[in-house]
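S.K.: Sequential numbering from 109 applies to the sequence shown in my numbering.
Glycine included, every Cβ here is placed at the ideal spot set by N, Cα and C.
Note that this is a predicted model, so its numbers are computed, not measured.
Dropping a structure here in structure tokens format, bear with me for questions.
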Amino acid sequence: MKRLALVVGARPNYFKAMPVLRLLDAKSDVQAILVHTGQHYDPRLYEELFVEIGLRKPDVYLGIEDRSRRPTVAEMISSCDSWCRAVRPDAVVVCGDVDSTAACALAAHYAGIPVAHVEAGLRSGDREMPEEINRMVTDAVSRLLLVSDPAGVENLRREGRNDREIRLVGNVMIDTLLDRLPVARRCGFDEPVQERV
109 MKRLALVVGA RPNYFKAMPV LRLLDAKSDV QAILVHTGQH YDPRLYEELF VEIGLRKPDV
169 YLGIEDRSRR PTVAEMISSC DSWCRAVRPD AVVVCGDVDS TAACALAAHY AGIPVAHVEA
229 GLRSGDREMP EEINRMVTDA VSRLLLVSDP AGVENLRREG RNDREIRLVG NVMIDTLLDR
289 LPVARRCGFD EPVQERV
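This is the structure we're talking about:
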């Protein structure tokens, strides 16, 4: 059985990870390990969020708190590296562009564990944005680049990535939106969102 670690750290990661985790949990030959770095963590908020979006609680909580960018990233790399070396998952899957994404991608890479990046190839062109650096670093160390749109594929090709590493898989945020549409309608949001997507 393959063991895949799906890493989250900030609130947006949960919405991106939800469809991936459900897919992995449905596979009989995969053990999905949900790892939370603690980058953004409020127990009450997450309890409500888990229930609201129907996501199970993390299997592992690394307990890193977001105090300031540099120490937190360093702590995340160190904690993720220790965890990866102790557990040795077959691969680490990261989502998006938050600090946890880049830190755990680097840690897994340093530990010799393959990395898959959900939302790979996104670029703003603004290297002053921390998220842009996180995207570029994460893509640089990822062996599997899971891309949400054709522009991302072209960005990765321009950066010299091989087509064998790139998979155009669609937008996980749209998957989450469509999954949560019945809840939105029950709350009074009846506008036909699906037709606009």
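(1) In whole angstroms, give me the CA-to-CA distance for Pro238 and Gln139.
(2) Could you check the C-alpha separation between Val202 and Met244 for me, to the nearest Å?
(3) Since Gln147 sits in a beta bridge, which residues does DSSP pair it with?
(4) Assuming Glu227 is part of the alpha helix (DSSP H), what are its boundary residues?
(5) To the nearest angstrom, report how far apart Ala182 and Glu273 are at their CA atoms.
(6) Would DSSP call Leu163 helix, strand or coil?
(7) Just to confirm the assignment: which complete beta strand (DSSP E) runs, minimum length 3, are found wholly within the stretch 237-302?
(8) Using the Cα positions of Val223 and Asp247, report the straight-line distance between them to the nearest angstrom.
(9) With distances taken from CA atoms, which of Asp207, Lys165, Val226 is nearest Gln147?
(10) Please classify Phe297 as buried or exposed, where buried requires at least 16 neighbouring CB atoms within 10 angstroms.
(11) Looking at C-alpha atoms only, which residue of Met109, Arg130, His144 is the closest neighbour of Thr209?
(12) When DSSP labels each residue in this structure, what does Val195 get in the three-state scheme?
(13) Please report the straight-line C-alpha distance between Arg266 and Arg251, rounded to a whole angstrom.
(14) With DSSP as the reference, label Ala152 as helix, strand or coil.
(15) CA-CA distance, His217 and Asn270?
(16) Within the continuous alpha helix (DSSP H) that includes Lys124, where are the two ends?
(17) Which residue from Glu156, Val261, Leu289 puts its Cα closest to that of His225?
M.R.: In brief:
(1) As a working note, residue 238 is residue 130 in the sequence shown. As a working note, residue 139 is residue 31 in the sequence shown. Spanning the alpha carbons of Pro238 and Gln139 requires a straight line of approximately 32 Å.
(2) Within the sequence shown, numbered from 1, the residue matching residue 202 stands at position 94. Within the sequence shown, numbered from 1, the residue matching residue 244 stands at position 136. If I take the Cα positions, the gap works out to 13 Å.
(3) On the sequence shown, position 39 is the one that residue 147 refers to. According to DSSP, Gln147 shares a beta bridge with no other residue.
(4) The count along the sequence shown starts at 1 and reaches residue 227 at position 119. For Glu227, there is no enclosing alpha helix (DSSP H); the enclosing beta strand (DSSP E) covers residues 223-228.
(5) For this step, residue 182 is matched to residue 74 along the sequence shown. For this step, residue 273 is matched to residue 165 along the sequence shown. So the alpha carbons of these two residues sit roughly 28 Å apart.
(6) As a position in the sequence shown, residue 163 is number 55, starting the count at 1. Leu163 falls in the coil class under three-state DSSP.
(7) Taken in chain order, the unbroken stretches of beta strand (DSSP E) that lie wholly in the stretch 237-302 and span 3 residues or more are 252-255, 274-276.
(8) Position 115 of the sequence shown, counted from the start, is the residue given in the question as residue 223. Position 139 of the sequence shown, counted from the start, is the residue given in the question as residue 247. Cα to Cα, Val223 sits roughly 9 Å from Asp247.
(9) Sequence index remark: in the sequence shown, residue 147 carries index 39 (1-based). Cα-wise, what sits closest to Gln147 is Asp207.
(10) Looking up residue 297 in the sequence shown gives position 189. When all chains shown are included, Phe297 counts as exposed.
(11) Along the sequence shown, read from residue 1 onward, the residue named residue 209 stands at position 101. Here the closest residue by C-alpha is His144.
(12) Locating residue 195 in the sequence shown gives position 87, counting from the first residue. Helix at Val195.
(13) Taking the sequence shown and counting its residues from 1, the one referred to as residue 266 is at position 158. Taking the sequence shown and counting its residues from 1, the one referred to as residue 251 is at position 143. Whole-angstrom Cα-Cα distance: 16 Å.
(14) For the purposes of this step, residue 152 is taken as the residue at position 44 of the sequence shown. The question names Ala, but residue 152 in the sequence shown is Arg. DSSP places Arg152 in helix when its eight states are reduced to three.
(15) Position 109 of the sequence shown, counted from the start, is the residue given in the question as residue 217. Position 162 of the sequence shown, counted from the start, is the residue given in the question as residue 270. Each residue's alpha carbon lies about 18 Å from the other.
(16) Along the sequence shown, read from residue 1 onward, the residue named residue 124 stands at position 16. Run containing Lys124: 119-133, per the alpha helix (DSSP H) assignment.
(17) Your numbering for residue 225 matches position 117 in the sequence shown. Closest by alpha carbon: Val261.
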